[in-house]
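Participant:
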DNA sequence: CAGAAGTGATGCACTAGATGCAGCAGTCGG
DNA sequence: CCGACTGCTGCATCTAGTGCATCACTTCTG
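Written out as structure tokens, the structure reads:
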């Protein structure tokens, strides 16, 4: 849309950190870009950038302006969706930020099923840790977030919540597999594989052990749950994951950790607070909510 | 702001009803205006206007676009207010739609007191009947509405509520003035002066009499409460008003109608649902809320 | 029924505003 | 001190928006 050109210019300068670098990305001269930004600042009535010797940086006013433009762009898409809807088209795009556990089974299955009914709707799925997912909502890069134990919950409207206890993953012939549920300390006696600090499962394990004499001593640490699951096939260790992300081969099995040791994590579906979603994301969210209720 | 030019053009065409008339208001040629609108529709991806033999009319998609632009303009003002605020200026503008009863005493007194503390803030006050006030909020023409018994309450967030029983206004020597409170039927036996149908006081009286054998037979009907109050000085009749709008000379007096006959009206301070107000209106609203609490 | 007075759309010439180029002054790191 | 960066600006160029005249059409009018 023509009238949002200034916004793209501002965003490009913010990202590139200087007018000259941004001008290359935008295929215009630094001179033109510089003047557009100056003109915008004049019209707006305040400086948007700090001029540093090494380039440009957004000042607080600029942050506000950028946020305004993002909201505005999002709202324009929403209106375009509504219009397309009332002209009978029924198409649109949904952008989701989700935890890694949703990537292998739950989301692909559900999105495929949804697209079978609504072929005009396209999707983009971003895997984000629990902090970055919320950030994505704030910057309007994602419409929805499906996250295990988000960090801040500010600017986050919860649409649906599912409780997910942590499961320990082990080889099927591991002696621990004989029990129905496991105590955390039993797992820690075995070599264990831990997710990186940014992930909710790690955080939940650490809070569970806070103030106890036990501690986590990872044999292997990774930011890929896929890697961790496969690693157990090669070393007789314990990995951790929530059930929604689990579907194991016969050689592996999983057992829930006792709720006495580790509180179950909340898997939350949410959107940016105060934002009215475009048609397609709003409907898909409704469909997701139903699917999550069937799990619980 | 430069990038909202298209919006002003679209709005002008909507108001004028045709490109040629709008082009005169905008001091450009019909040709240029026509092309800008065509280009916008092309960029947007859908027709915004119906082309009628007698001119242009917004279609449903256009209504949505206009609403989007209004929200966007309002949000831009909000951001500008925030920026001005953090650069220490503390200025702004507040636009209020209110019922007639607020015009003589309450609002002028309160606004003057507020401006004594915050001289940088300017005001515009629109007198609107209970339907039009809500309409003003929806079209972003007013930031706040202070209305007796609004009609729909959809898209209306109530910030504060005060109960206002109807008072009968009469000459001080009227025999009814001897009682502390009046029954409605006693008033109807006297000649009475009624507000026009669009006003809440009239509506409250009519609903109070619905299903009874009594009826309203106005000796005089007016859309000006000021006129009605003064009329009583010239004919010994009964007029009606809520107490917040009353401050009578010695020759006149007022008595509340019994709550058994007429339920008190709700005087509501509200804003458009989901809208985040600019700094100045938001602060003034807080101040109004306190003032209203002191009344109740 | 013909003509007048509206309407929006469009081809063409023109102008004004946006762009590109070159060069300025300044800061920083070596 | 120098080279490599930065943002900024005067001047020439060019594109995109504007104005004018006109067309095709509908509605109202006499």
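Residue numbers (our numbering), protein chains in the order written: chain A, 1 to 296; chain B, 1001 to 1296. Ideal Cβ placement from N, Cα and C applies to all residues, glycine included.
If contact means a Cβ-Cβ distance below 9 Å, which residues of the segment 66-83 of chain A contact chain B?
Facilitator: For the segment 66-83 of chain A, which is checked against every Cβ of chain B, the residues closer than 9 Å are 67, 68, 71, 72, 75, 76, 78, 79, 80, 82, 83.
Participant: Pull up the DSSP beta-bridge partners for residue 255 (chain A), would you.
Facilitator: A:168
Participant: Check whether the segment 1175-1194 of chain B touches the segment 1215-1231 of chain B, counting contact only when three or more Cβ pairs, one atom from each stretch, lie closer than 8 Å.
Facilitator: yes
Participant: Kindly indicate which residue of B:1100, B:1225, B:1149 has the alpha-carbon position closest to the one of residue 1268 (chain B).
Facilitator: Looking at the Cα atoms, B:1149 is the closest of the given residues.
Participant: Taking residue 1064 (chain B) as the query, report the chain A residues whose CB atoms sit under 8 Å from its CB, ordered along the chain.
Facilitator: 79, 82, 83
Participant: Between the segment 1052-1063 of chain B and chain A, which residues of the former have a C-beta closer than 8 Å to a C-beta of the latter?
Facilitator: Within the segment 1052-1063 of chain B, the qualifying residues are 1060, 1061.
Participant: Could you check whether the Cβ of residue 1 (chain A) sits closer than 7 Å to any Cβ belonging to chain B?
Facilitator: Yes, residue 1 (chain A) counts as interfacial toward chain B.
Participant: Check whether the segment 47-66 of chain A and the segment 122-135 of chain A are in contact - that is, three or more C-beta pairs closer than 8 Å.
Facilitator: No: fewer than three Cβ pairs fall under 8 Å.
Participant: From the DSSP output, which residues share a beta bridge with residue 1195 (chain B)?
Facilitator: B:1222
Participant: For the beta strand (DSSP E) holding residue 314 (chain A), just list the boundary residues, first then last.
Facilitator: Past the edges of chain A, shown from 1 to 296, lies residue 314 (chain A), and the structure says nothing about it.
Participant: If you count every other CB in all the chains shown that lies within 10 Å of the CB of residue 214 (chain A), and 16 or more means buried, which is it?
Facilitator: exposed
Participant: With burial defined as no fewer than 16 other Cβ atoms inside 10 Å of the residue's Cβ, what is the status of residue 1239 (chain B): buried or exposed?
Facilitator: buried
Participant: Pull out every residue of the segment 1024-1050 of chain B whose Cβ sits closer than 8 Å to any Cβ of chain A, in chain order.
Facilitator: 1039, 1040, 1043, 1044, 1045, 1046
Participant: Near residue 1230 (chain B), which residues of its chain fall below 7 Å by C-beta distance, leaving aside the five closest residues on each side in sequence?
Facilitator: Hits under 7 Å: none found.
Participant: Are the C-beta of residue 1155 (chain B) and some C-beta of chain A separated by less than 7 Å?
Facilitator: no
Participant: Taking only beta-carbon atoms, is residue 143 (chain A) less than 7 Å away from chain B?
Facilitator: The beta-carbon of residue 143 (chain A) is placed no less than 7 Å from the nearest beta-carbon of chain B.
Participant: Residues of chain A with CB closer than 7 Å to the CB of residue 1006 (chain B), please, in chain order.
Facilitator: 3
Participant: Taking only the alpha-carbon atoms, compute the straight-line gap between residue 270 (chain A) and residue 1285 (chain B) and give it to the nearest angstrom.
Facilitator: 31 Å
Participant: Suppose you measure from the CA of residue 1183 (chain B) to the CA of residue 1093 (chain B); what does that come to, to the nearest Å?
Facilitator: So the alpha carbons of these two residues sit roughly 44 Å apart.
Participant: State the start and end residues of the unbroken beta strand (DSSP E) segment that holds residue 123 (chain A).
Facilitator: 121-127
Participant: Relative to the alpha-carbon of residue 1049 (chain B), which residue among B:1198, B:1013, B:1080, B:1030 has its alpha-carbon at the smallest distance?
Facilitator: B:1013
Participant: What does DSSP give as the partner residue(s) for residue 1161 (chain B) in the beta ladder?
Facilitator: Residue pairing from DSSP places residue 1161 (chain B) in a beta bridge opposite B:1268.
Participant: Would you mind working out which of A:169, A:99, A:185 sits nearest residue 145 (chain A), comparing C-alpha positions?
Facilitator: A:99
Participant: Using a Cβ cut-off of 7 Å, pull out every chain A residue sitting near residue 1124 (chain B), in sequence order please.
Facilitator: Result: empty, since nearest Cβ-Cβ is about 20 Å, beyond 7 Å.
Participant: Should residue 90 (chain A) and residue 278 (chain A) be called a contact, given that it needs their Cβ atoms to be closer than 7 Å?
Facilitator: no
Participant: Using DSSP with H/G/I as helix, E/B as strand and the rest coil, what is residue 1056 (chain B)?
Facilitator: In the structure shown, residue 1056 (chain B) adopts extended strand secondary structure according to DSSP, grouped into three states.
Participant: Beta-carbon separation of residue 1010 (chain B) and residue 1033 (chain B) under 7 Å?
Facilitator: no
Participant: Which residues share a DSSP beta bridge with residue 68 (chain A)?
Facilitator: Paired residue(s): none; residue 68 (chain A) is not in a bridge.
Participant: Thinking residue 1171 (chain B) and residue 1261 (chain B) are a contact (beta carbons under 8 Å), I'd like their distance in whole angstroms, please.
Facilitator: Residue 1171 (chain B) to residue 1261 (chain B), Cβ: 21 Å. No contact.
Participant: Rounding to the nearest angstrom, what Cα-Cα distance links residue 1039 (chain B) and residue 120 (chain A) in this structure?
Facilitator: 26 Å
Participant: What is the DSSP secondary structure of residue 1062 (chain B), counted as helix, strand or coil?
Facilitator: helix
Participant: Is the separation between the beta-carbon of residue 1256 (chain B) and that of residue 1167 (chain B) shorter than 7 Å?
Facilitator: yes
Participant: Name the residues in the segment 1228-1247 of chain B whose C-beta lies less than 7 Å from a C-beta of chain A; which are they?
Facilitator: none
Participant: If you draw a straight line from the alpha carbon of residue 124 (chain A) to that of residue 96 (chain A), how long is it in whole angstroms?
Facilitator: Cα-Cα distance, rounded: 6 Å.
Participant: Once DSSP output is grouped into helix, strand and coil, what is the label at residue 93 (chain A)?
Facilitator: strand
Participant: Please list the partners that residue 1086 (chain B) has in chain A, where partner means a Cβ-to-Cβ separation under 8 Å.
Facilitator: 60, 61
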